[in-house]
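Peer 1:
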Amino acid sequence: MNELVAPLADIVTTELLGPRANKQGLGWWAGRRMAPQGDGHAQLTELAMRFRGDPDDRRLAERHLLAALLEDMADHYTWVRVKNRVPRPLLLLDNVHTPLGRAVMDALTRVWHDEPVRTRPGVVVTALAAEPAVPGPENTAPSTRSAAGPFWRQGRPETAAGWVLRLPLAQLGLDEVKEMFGTDRPEPGTAQLIHRLSAGRAGIAHTLVQAVRQRIRLWEPLDLRALLDLPLGTEPGPPVHEGLLRLLVPHDVARLRLAHYAPALDDTAAHQLSVHYPPGDPGGVPVQETKTLLRNDCWGRHPWPGTEGPFVGDPTLRALLVHDLRIRARQTPGAERWKNIHLLLRSLYAPDTRGTAAGLHDVRYLHHSLAIVDTDVVVRALHRRFAEQDASTWLAALNLVCGAPHPPENLATPTVVPVTCPACAVENDPVHQAVKLLVLSLWEQSHPLAPPDPEKTSSVRLQLLTLAQNSAAVPQRVFFQAHEEWPQLLNRWVQAPDLPTYGEPRT
Numbered sequence: 131m132n133e134l135v136a137p138l139a140d141i142v143t144t145e146l147l148g149p150r151a152n153k154q155g156l157g158w159w160a161g162r163r164m165a166p167q168g169d170g171h172a173q174l175t176e177l178a179m180r181f182r183g184d185p186d187d188r189r190l191a192e193r194h195l196l197a198a199l200l201e202d203m204a205d206h207y208t209w210v211r212v213k214n215r216v217p218r219p220l221l222l223l224d225n226v227h228t229p230l231g232r233a234v235m236d237a238l239t240r241v242w243h244d245e246p247v248r249t250r251p252g253v254v255v256t257a258l259a260a261e262p263a264v265p266g267p268e269n270t271a272p273s274t275r276s277a278a279g280p281f282w283r284q285g286r287p288e289t290a291a292g293w294v295l296r297l298p299l300a301q302l303g304l305d306e307v308k309e310m311f312g313t314d315r316p317e318p319g320t321a322q323l324i325h326r327l328s329a330g331r332a333g334i335a336h337t338l339v340q341a342v343r344q345r346i347r348l349w350e351p352l353d354l355r356a357l358l359d360l361p362l363g364t365e366p367g368p369p370v371h372e373g374l375l376r377l378l379v380p381h382d383v384a385r386l387r388l389a390h391y392a393p394a395l396d397d398t399a400a401h402q403l404s405v406h407y408p409p410g411d412p413g414g415v416p417v418q419e420t421k422t423l424l425r426n427d428c429w430g431r432h433p434w435p436g437t438e439g440p441f442v443g444d445p446t447l448r449a450l451l452v453h454d455l456r457i458r459a460r461q462t463p464g465a466e467r468w469k470n471i472h473l474l475l476r477s478l479y480a481p482d483t484r485g486t487a488a489g490l491h492d493v494r495y496l497h498h499s500l501a502i503v504d505t506d507v508v509v510r511a512l513h514r515r516f517a518e519q520d521a522s523t524w525l526a527a528l529n530l531v532c533g534a535p536h537p538p539e540n541l542a543t544p545t546v547v548p549v550t551c552p553a554c555a556v557e558n559d560p561v562h563q564a565v566k567l568l569v570l571s572l573w574e575q576s577h578p579l580a581p582p583d584p585e586k587t588s589s590v591r592l593q594l595l596t597l598a599q600n601s602a603a604v605p606q607r608v609f610f611q612a613h614e615e616w617p618q619l620l621n622r623w624v625q626a627p628d629l630p631t632y633g634e635p636r637t
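Residues in the sequence shown are numbered consecutively from 131, following the numbering used here.
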């Protein structure tokens, strides 16, 4: 400690007492009245003592320091700079959603409001929002891309908080993702896939683009389905999906838990998975701790039709986690881990075997059935629902079912036991066949890494037309509207479960 004190004392003595002392600065401190009396040196001494006091004393001292920072910036921006129209100083503050960030921001806004007006810097702060901004009509809502006109306030705010203008960070557009490739020419659809998968987040898009550019420079072909498995950099290392997850969720245990809970459609399902969590977890209350992490890191929720879930509500994060789980499950014989997870989750929604509703499958049951390629039970159940539900509710169910994650390639396919479909009026019922082809075509196009497939899109169009032809007048209008619009949306990279259902679905 003595080795540090002597040089520090020399610096302080020179700066405060020597001929190079900032006389103007000391004069400013003399007017701060930190202590009842005394010159600038006395006020600075009192400032140092306040840092050793209680929390209120420390907060007061911190506000004085922030006022000194603003004063230094104002002194730097001299009359000459004003006349030459030199841009004002810029103060950048990141992560103000954190406890420390909120404390700094609260102190800064209070000082900004209370101190005499001088030349102030421009201040740009960033914070994670509790929920993502919802675009306004035609994307005209104020954002970092455009904030003109009446958004800007005139006159002095009445409170310290009134100085803050909040703007959602604009998402990248498709053209901006394309510009990231520079002179490289990726495979058709690559930019669209990155734009959809990243949800316009610049950091994620940049990482994916760089992985693709590295592939292009090595003259190696790119399969879009393998995008997340590309190397993260030029040196041997983790694949890009693992690198992104380590960046987004740095803590190892939290990341493993999230990947394990990612298939869950609600909190109850996540709790069910936590009972069978793989060995090695430190214990505690893993589901609650994971929910807290998602909330504190401000991951938004994008509810699926007919449910408040999924448990991991951000589509980008969920796609990365499910891919990570798929890779891990592929390492077990027959992808046993994947199968066991979805069988366990499916058991939560097993159909009632009693009463008039016997055998009516919960849509979440069908979702997990499709995830293990138990397609026959899915088709039979949806065929029955087609006969018993209104069209909007049926389309909502189809959306949720076809949002099921795709299994590893080595998943052991279930043994098919011939079962008569109770909704089939005749053998080779056209509605049953249409439901089956519609499920398979739509599910295949709902993989996060799947580009639009013209053949499967045409199949979706044809099967929806078949359903319309076999419906009464009211549901026929809904199915025909889906027949007209869903193929266009699929070609514009929209996927289940985000396709429109044309009404408020009823359970």
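No residue lacks a Cβ here, since even glycine has one placed at the ideal position from N, Cα and C. On a predicted model such as this, the values are computed, not experimentally measured, just so you know.
1. Under 6 Å Cβ to Cβ from Ser571, same chain only, skipping five residues before and after it: list those, please.
2. Looking at Leu297: is its Cβ nearer than 7 Å to the Cβ of Ser273?
3. Under 8 Å by Cβ, that's how I've got Val569 and Leu490 pegged, so tell me the actual separation to the nearest angstrom.
4. Unbroken alpha helix (DSSP H) runs of length 4 or more, entirely within the region 335-382: which are they?
5. Please state whether the Cβ-Cβ distance between His536 and Cys551 is less than 7 Å.
6. Looking only at C-alpha atoms, which of Pro316, Thr422, Ala459 and Arg456 sits nearest to Phe441?
7. At a threshold of 6 Å, does Trp524 count as lining the ligand NAP (C-beta to nearest heavy atom)?
8. Leaving aside the five residues before and after Leu323 along the sequence, list all residues of the same chain whose C-beta is less than 7 Å from its C-beta, in chain order.
9. Going along the chain, which residues of its own chain have a beta-carbon closer than 6 Å to the beta-carbon of Leu496, five neighbours each way excluded?
10. Grouping DSSP H, G and I as helix and E and B as strand, with all else coil, what is Val254?
11. Who are the near neighbours of Arg343 in its chain, counting only those whose CB is closer than 6 Å to its CB and skipping five residues on each side?
12. Around the Cβ of Pro287, are there at least 16 other Cβ atoms within 10 angstroms (buried) or fewer (exposed)?
13. Hey, quick one: how far does the alpha helix (DSSP H) through Leu302 stretch, first residue to last?
14. So, Tyr407 versus Ala400, is the Cβ gap smaller than 7 Å?
15. Would you please state the rounded distance, in angstroms, between the beta carbons of Gly439 and Asp396? I believe it to be under 8 Å.
16. Suppose the cutoff is 8 Å on Cβ atoms and the five residues either side in sequence are ignored; what does the same chain contact list for Leu528 look like?
17. Measuring straight from C-alpha to C-alpha, what distance separates Thr208 and Lys153?
18. If you check the beta carbons only, do Val307 and Ala321 fall under 7 Å apart?
19. Following the continuous alpha helix (DSSP H) through Leu473, name the residue where it begins and the one where it ends.
20. Report yes or no: do the region 604-622 and the region 514-521 share at least 3 C-beta pairs separated by less than 8 Å?
21. Look up Asn223 in the DSSP assignment and say whether it is helix, strand or coil.
22. Go ahead and pull the three-state DSSP assignment for Asp169.
23. Name the two residues that bound the continuous alpha helix (DSSP H) containing Pro560.
24. By the three-class DSSP mapping on this structure, what secondary structure does Leu177 have?
25. With distances taken from CA atoms, which of Leu221, Ala291 and Ala204 is nearest Thr239?
26. Of the choices His243, His194, Thr545 and Thr249, whose alpha-carbon is the least far from that of Arg215?
27. Check each candidate in Pro368, Met235, Arg193 and Val547 and name the one with the smallest Cα separation from Leu223.
28. Alpha carbon to alpha carbon, how far is Arg448 from Arg456?
29. Would you kindly report the start and end of the unbroken alpha helix (DSSP H) that includes Gln402?
30. Alpha carbon to alpha carbon, how far is Leu450 from Glu539? Give it in angstroms, no decimals.
31. Measure the beta-carbon distance from Trp293 to His243 and round it to whole angstroms, keeping in mind my assumption that it falls under 8 Å.
32. In its own chain, which residues sit with a C-beta less than 6 Å from the C-beta of Asn132, not counting the 5 before and 5 after it?
33. Taking the alpha carbon of Leu479 as the point to measure from, which residue in His472, Arg494 and Ile471 has its own alpha carbon closest?
34. Taking the CB atoms as reference points, tell me whether Leu195 and Val241 lie closer together than 7 Å.
35. Please confirm whether Trp159 and Leu174 have their CB atoms less than 7 Å apart.
36. Evaluate Ser276 with the Cβ neighbour count: other Cβ atoms within 10 Å of its Cβ, from every protein chain shown; 16 or more gives buried, anything less gives exposed.
Peer 2: In short, the structure shows the following:
1. Lys586, Ser589 and Val590.
2. In this structure, Ser273 lies closer than 7 Å to Leu297 by Cβ.
3. Not confirmed; about 18 Å, so no contact.
4. If we require 4 residues or more, the alpha helix (DSSP H) runs fully inside the region 335-382 come out as 370-378.
5. Not in contact: His536 and Cys551 (Cβ atoms no closer than 7 Å).
6. Distances from the alpha-carbon of Phe441 to those of Pro316, Thr422, Ala459 and Arg456 put Thr422 closest.
7. Within the structure as shown, the ligand NAP is missing, as the structure has no ligands at all.
8. If we look at Leu323 and ignore the five residues flanking it on each side, its Cβ neighbours are Leu354, Leu357, Leu579 and Pro581.
9. So the qualifying residues of the chain are Val508, Ala511 and Val531.
10. Strand at Val254.
11. Same-chain partners within the cutoff: Asp314.
12. With fewer than 16 other Cβ atoms from the protein chains shown falling within 10 Å of its own Cβ, Pro287 counts as exposed.
13. Unbroken run through Leu302: none, as it is neither H nor E.
14. No, Cβ-Cβ distance for Tyr407 and Ala400 is not below 7 Å.
15. With a Cβ gap of about 4 Å, Gly439 and Asp396 count as contacting.
16. Hits under 8 Å: Leu512, Leu568, Val569, Leu572 and Ala626.
17. Distance from the CA of Thr208 to the CA of Lys153, rounded to the nearest whole angstrom, comes to 18 Å.
18. In terms of Cβ geometry, Val307 and Ala321 form a close pair [threshold 7 Å].
19. Taken as a continuous stretch (DSSP letters only), the alpha helix (DSSP H) holding Leu473 covers Glu466 to Ser477.
20. Yes, since at least three Cβ pairs between the region 604-622 and the region 514-521 fall closer than 8 Å, the two stretches touch.
21. The sequence shown places Leu at residue 223, not Asn. DSSP places Leu223 in strand when its eight states are reduced to three.
22. Residue state, collapsed to three classes: coil.
23. Per DSSP, Pro560 belongs to the alpha helix (DSSP H) from Pro560 to Glu574.
24. Of the three classes helix, strand and coil, the one that applies to Leu177 here is helix, per DSSP.
25. Selected option, being the one with the closest Cα: Ala291.
26. Of the listed residues, the one whose Cα sits closest to Arg215 is Thr249.
27. Closest in C-alpha terms to Leu223, from the list Pro368, Met235, Arg193 and Val547, comes Met235.
28. Arg448 and Arg456 have their C-alpha atoms roughly 12 Å apart.
29. From DSSP, the alpha helix (DSSP H) with Gln402 extends over Asp397 to Val405.
30. Distance between the alpha carbons of Glu539 and Leu450 is about 17 Å.
31. Here Trp293 really is in contact with His243; their C-beta atoms are around 6 Å apart, less than 8 Å.
32. Because Asn132 sits at a pLDDT of 47, beneath the cut-off of 50, its placement in the model cannot be relied upon, and the following sentence gives the value as read from the coordinates. Closer than 6 Å at Cβ, skipping near neighbours: no residue.
33. Here residue 479 turns out to be Tyr, not Leu, going by the sequence shown. Residue Arg494 is the option with its Cα nearest to Tyr479.
34. Leu195 is not a Cβ neighbour of Val241, given a cutoff of 7 Å.
35. Taking 7 Å as the cut-off, the Cβ atoms of Trp159 and Leu174 count as close.
36. Ser276 counts as exposed, since fewer than 16 other beta carbons sit within 10 angstroms of its beta carbon.
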